[in-house]
Amino acid sequence: MLQPQAVIFDIGNVLIEWHPERFYDGRIGAERRVAFMDQVPIHAANLAIDAGAPFRQTLVDLAADYPAWAVEIMWWHDDWRLMVDPVITRSVAMLRALRKRGVAVFALTNFGAETFDYALTQFDFLNEFDRAYVSGKLGLIKPDPALYAYVEGDCGIAPDRLLFVDDRPENIVAAARRGWRVHQFESASGFAARLVAEGLLQEADL
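Residue numbers (our numbering): 14 to 219.
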């Protein structure tokens with residue numbers, strides 16, 4: 014079997030941890046955070062942002078609808094940077110090792126357009142992709158098959174020569190249905206083993 018021509022990285026929980034619940038637990042405690050997220054559709058608002066809705070205005074509108082939680086809602090905007098942490102350093106090292114070996118590396122991420130542009134200023138490795146497919150910029154969001162089709166058409170690489178890593182099973186299933194090679198990210202060591210098995214890296218690279 015031929016090796017993959019490109020490795021496609023999700024970002025959240027593959028290259029950078031994304032656990033907003035942890036941030037809120039630290040600010041208001043787990044019990045109050047559960048109440049907040051039960052009462053306020055904050056994750057739905059974030060999904061809308063990932064699909065292209067304006068970052069701040071979406072949250073301002075949500076705060077107007079839920080004034081009792083307005084402060085907590087606006088933390089999602091004002092303190093967003095504190096929610097994307099820490100970097101998964103071994104994953105970043107693998108991204109860079111792949112590039113060093115001449116393997117194309119792409120991003121395919123559900124990420125707001127504005128937040129992604131800001132993240133580029135905070136995480137240098139996000140500027141190192143050969144191509145970045147960002148849901149908020151494209152108006153398409155995983156696991157919509159149209160987004161995977163767009164990637165295929167844009168990069169011109171056959172589906173079975175793409176290796177996609179993502180932490181969410183629904184995104185993996187959607188890619189696999191199109192014939193992509195897939196790896197559900199559970200640990201950096203597991204992903205490293207997959208890259209070695211595919212012949213893309215060697216143990217010495219890791």
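Backbone N, C-alpha and C fix where the C-beta goes; we use that ideal spot for every residue, glycine too. This one's a predicted model, so the numbers in the text were calculated from it and none came from an experiment.
Beta-carbon spacing of ALA187, TYR161 below 9 Å: yes
Taking the Cβ atom as the reference point for each residue, do TRP89 and ALA58 lie within a distance shorter than 9 Å? yes
Say whether the region 36 to 56 touches the region 64 to 83, bearing in mind that this needs 3 or more beta-carbon pairs closer than 8 Å, one atom from each stretch. yes
With C-beta atoms as the reference, is LEU111 less than 9 Å away from LEU214? yes
C-beta neighbour in chain D for PHE36, strict 9 Å: No chain D is part of this structure, which consists of one protein chain only.
Sorted by chain position, which residues of the same chain lie with C-beta nearer than 6 Å to TRP193's C-beta, five sequence neighbours on each side aside? PRO172, LEU175 and PHE177
Go through the region 122 to 181 residue by residue and report every complete run of the alpha helix (DSSP H) that reaches 4 residues or more, in order. 126 to 135, 148 to 151 and 158 to 168
Give the single residue among MET50, ALA106, PRO17 and ASP23 whose Cα lies nearest to the Cα of ALA217. ALA106
Just reading off the alpha helix (DSSP H) that VAL84 is part of, what are its end residues? 83 to 91
Could you please give the first and the last residue of the uninterrupted beta strand (DSSP E) stretch that includes ILE21? 19 to 22
Local Cβ density within 10 Å of LEU108, reported as buried at 16 or more and exposed below that: buried
Should GLY25 and VAL118 be called a contact, given that it needs their Cβ atoms to be closer than 9 Å? no
Beta-carbon within less than 8 Å of ALA159's beta-carbon, same chain only, minus the 5 sequence neighbours each way: which residues are those? LEU153
Going along the chain, which residues of its own chain have a beta-carbon closer than 8 Å to the beta-carbon of ARG114, five neighbours each way excluded? LEU213, LEU214 and ASP218
PHE119 in three-state terms, based on DSSP: strand
Would you decide whether ASP91 is buried or exposed? Buried here means 16 or more other CB atoms lie within 10 Å of its CB. exposed
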